[in-house]
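Taking it in order: structure first as structure tokens, then the write-up.
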Ligand code: GAP
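In my numbering, the protein residues as written are 4 to 448.
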């Protein structure tokens with residue numbers, strides 16, 4: 004631990020921070036290793052009672068900003084299983100590969116571009132030639148496992164938007180510039196999944212394809228880089244842990260004329276949270292050629308017909324949740340006692356409010372449950388009667404609950420309760436009838 008002498012607050016060092024977050028996630032029910040009773044399963048994870056709330060909040064907050072608050076973006080939920088034709092046209096069958104090498108000494112397998120020439124397992128530098136390894140999960144649809152039944156689990160949600168471009172255009176009567184957004188699972192047979200949920204084989208993406216007139220492409224690209232950077236900042240990622248990194252020319256995908264990554268300062272260094280890519284008309288043209296369908300926009304006002312260009316902000320929901328956990332984690336002192344606190348934005352916290360009767364005595368329960376019932380339609384609430392009130396505040400701080408509402412013996416007389424703030428630890432007394440309004444004021448729409 005390092006100590007900031009100005010504040011007296013202890014900041015966990017980066018190596019520990021990762022361990023602490025992984026430990027916290029397991030101990031408090033955010034993220035469990037999958038199939039743990041059978042020894043776990045190859046870097047897959049299950050989201051527990053708190054994790055499922057938080058992950059849902061990350062996705063809902065993204066959806067709110069990308070779809071709900073805009074009139075130019077609509078949603079989609081496409082199938083995960085898809086035929087080879089989609090991936091043939093998109094280029095994934097030919098190009099979605101990582102370079103795979105085997106260590107000749109210990110026979111472990113690695114992604115050649117991630118190991119700097121030395122086997123992380125045994126230290127040997129003797130490797131086989133790198134060969135391309137396709138990252139898509141292949142399966143069969145139906146009972147016959149022949150070539151005609153081959154299907155793939157999607158490695159990105161994006162192709163669902165391109166394949167449905169004409170359907171969405173016809174049914175919504177949108178006109179470029181407009182976007183199609185999707186949140187959902189994607190699958191990649193990563194050679195080396197690593198860093199907890201940063202890189203896994205099964206993960207969730209939040210992607211939007213924004214279709215624009217070709218001459219407006221660069222302008223919208225800059226718009227979306229800016230918007231997406233702000234989204235992370237507004238949800239509490241500090242300025243010194245967030246940056247936009249434009250790709251060098253030699254990093255650009257074959258279809259992209261410009262890409263920028265929004266990067267977070269992870270404990271191991273700067274790494275990608277999201278890519279914003281100007282994909283030109285590559286995808287629509289590829290599907291048009293392969294399917295024979297017209298994937299164009301016809302502008303009735305000008306009589307012009309064109310294939311829109313695409314700007315794509317593509318984020319990872321599971322990876323982003325991990326960044327919010329890392330950025331929010333702090334250790335400080337309250338009343339001379341050390342505490343762990345997750346300073347999560349209220350939109351992201353697993354619970355916005357915890358209702359805590361001061362004591363287990365049955366006399367407090369009816370009023371505490373009445374308060375809980377008042378709050379539940381508005382906020383995700385926890386209800387906790389175990390242990391001392393101090394311990395319960397600490398437990399809520401540790402999982403990021405921004406406000407606790409305490410019902411005590413005076414509450415039975417004056418029908419007032421105490422709202423306690425996670426960050427300042429300040430407490431205010433409010434009448435039961437005003438508690439919803441008081442909390443609403445702290446969580447403006
Ligand atoms: N449609 C473009 C696309 O999929 P990408 O950069 O490969 O672009 C977008 O993926 C985002 O999805 C990444 O920035 C990352 O947040 C997330 N992501 C990609 N692979 C992942 C993995 N194996 N595990 C967790 N998240 C991943």
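All C-beta atoms in this analysis are idealised placements derived from N, C-alpha and C, irrespective of residue type, glycine included.
Distance cut-off 6 Å: residue 277 Cβ against heavy atoms of the ligand GAP: yes
Contact belief for residue 433 with residue 367 at Cβ below 8 Å, rounded distance in angstroms: Actually they do not touch by this definition, with Cβ atoms about 17 Å apart.
Contacting residues, own chain, Cβ-Cβ under 7 Å from residue 382 (five flanking each side not counted): 355, 356 and 442
Beta-carbon gap between residue 254 and residue 280 smaller than 7 Å: no
Short Cβ contact (7 Å threshold) for residue 358 with residue 386: yes
Reduced DSSP secondary structure (H/G/I, E/B, other) of residue 449: In the structure as shown, the chain begins at 4 and stops at 448. Residue 449 is therefore absent and cannot be evaluated.
Residue 206: CB within 6 Å of a non-hydrogen atom of the ligand GAP: yes
Distance cut-off 6 Å: residue 319 Cβ against heavy atoms of the ligand GAP: yes
Helix, strand or coil at residue 40 according to DSSP, with G and I counted as helix: helix
Uninterrupted beta strand (DSSP E) stretches inside the segment 76 to 145 (no shorter than 3 residues): 76 to 78, 100 to 105, 112 to 114, 134 to 137 and 140 to 143
Straight-line gap, residue 130 to residue 283 (C-alpha atoms, nearest Å): 38 Å
Entirely enclosed beta strand (DSSP E) segments - the segment 196 to 223, minimum 3 residues: 205 to 215
contact_flag[the segment 207 to 215, the segment 181 to 194] where n(CB pairs < 8 Å) is 3 or more: yes
Exposure label - residue 317; buried when at least 16 CB within 10 Å: buried
Outcome for residue 326 when other beta-carbon atoms lying within 10 angstroms are tallied against a minimum of 16: buried
Neighbourhood of residue 378 by C-beta distance below 6 Å, restricted to the same chain and skipping five residues each side: 356 and 384
Residue from 420, 343 and 353 whose Cα sits closest to the Cα of residue 361: 420
Coil, strand or helix - residue 449 by DSSP: Only positions 4 to 448 of the chain appear in the structure, and residue 449 is not among them; the question remains open.
First and last residue of the uninterrupted alpha helix (DSSP H) at residue 369: 368 to 378
Range covered by the beta strand (DSSP E) that runs through residue 307: 307 to 309
Ranges of the beta strand (DSSP E) found wholly within the segment 231 to 303, counting only runs of at least 3: 245 to 249, 261 to 269, 272 to 283 and 300 to 302
Neighbourhood of residue 2 by C-beta, 6 Å cutoff - its chain only, sequence neighbours within 5 removed: With the chain covering 4 to 448 only, the question about residue 2 has no answer from this structure.
Residue 3 CB to nearest heavy atom of the ligand GAP below 6 Å: What the structure shows of the chain is the stretch from 4 to 448, and residue 3 is not part of that stretch, so it cannot be assessed.
Proximity to residue 145 [Cα-Cα], best of 105, 69 and 86: 86
Inter-residue Cα distance where the pair is residue 78 and residue 447: 25 Å
Reduced DSSP category for residue 396 - H, G, I as helix; E, B as strand; rest coil: helix
Validate contact between the segment 100 to 111 and the segment 303 to 312 using beta carbons, cut 8 Å, 3 pairs: no
Assigned secondary structure, residue 322 (DSSP; H/G/I helix, E/B strand, else coil): helix
Cut-off 7 Å between Cβ atoms - residues of its own chain near residue 418, not counting five sequence neighbours on either side: 434 and 435
Alpha carbon of residue 428 to alpha carbon of residue 349, nearest angstrom: 15 Å
Simplified DSSP state of residue 434, which is helix, strand or coil: strand
Closer than 6 Å: residue 38 CB and nearest the ligand GAP heavy atom: no
Counted within 10 angstroms of its Cβ, other Cβ atoms place residue 98 as buried (16 or more) or exposed: exposed
Nonlocal neighbours in the same chain, by C-beta distance under 7 Å from residue 323, ignoring five residues either side: 61 and 276
Residue burial classification, residue 152 (beta-carbon count within 10 angstroms, cutoff 16): exposed
Beta carbon proximity, residue 245 to chain B, threshold 7 Å: Reference to chain B is not applicable here, since this structure consists of a single protein chain.
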